[in-house]
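Here the numbering used here = 1-based position in the sequence shown + 85.
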Amino acid sequence: MLQQIGNAIIDDETTTMGKVDYYWSHALISDELYRGIISNCNYSSPSEICRAYFGQLRITLGNIYRYDIYAPLCSSSSASISVSTIS
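This is the structure:
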């Protein structure tokens, strides 16, 4: 469901729940979305409603770089090329 970066010691369910908890505890997702996932998702056999909640999670997170949420945004409109010469 979510992008998986390997941690061979932790199973997929624990990893996914850890990510959901992280997103919620860092205010990246709403309380409502968090409660919906917690209440409706069985990771060994996800239901349609669970899939819908994870779809909403992906939309909510958008283009946030999830591994460094405090990093500054870099957009093409703010990037500029400057040329300098050495005299």
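Idealized CB from N, CA, C, for every residue including glycine.
Selection from the options that minimises the alpha carbon distance to residue i
| i | options | result |
| --- | --- | --- |
| Arg136 | Ile149, Thr145, Ile122, Leu146 | Ile122 |
| Leu113 | Cys159, Ser130, Ile144 | Ile144 |
| Arg151 | Val105, Thr99, Gly140 | Val105 |
Assumed close pair residue i, residue j - CB separation to whole angstroms, cut-off 8 Å
| i | j | result |
| --- | --- | --- |
| Cys126 | Tyr138 | 7 Å |
| Tyr128 | Asp97 | 7 Å |
| His111 | Ile154 | 6 Å |
Reduced DSSP secondary structure (H/G/I, E/B, other) of residue i
| i | result |
| --- | --- |
| Cys159 | coil |
| Cys135 | helix |
| Asp96 | coil |
| Asp153 | coil |
| Ser130 | coil |
Residue i classed as buried or exposed, judged by whether at least 16 other C-beta atoms fall within 10 angstroms
| i | result |
| --- | --- |
| Thr101 | buried |
| Leu142 | buried |
Closer than 7 Å: residue i CB and nearest the ligand PLP heavy atom
| i | result |
| --- | --- |
| Lys104 | In terms of ligand content, the structure shown is empty, and the ligand PLP therefore cannot be addressed. |
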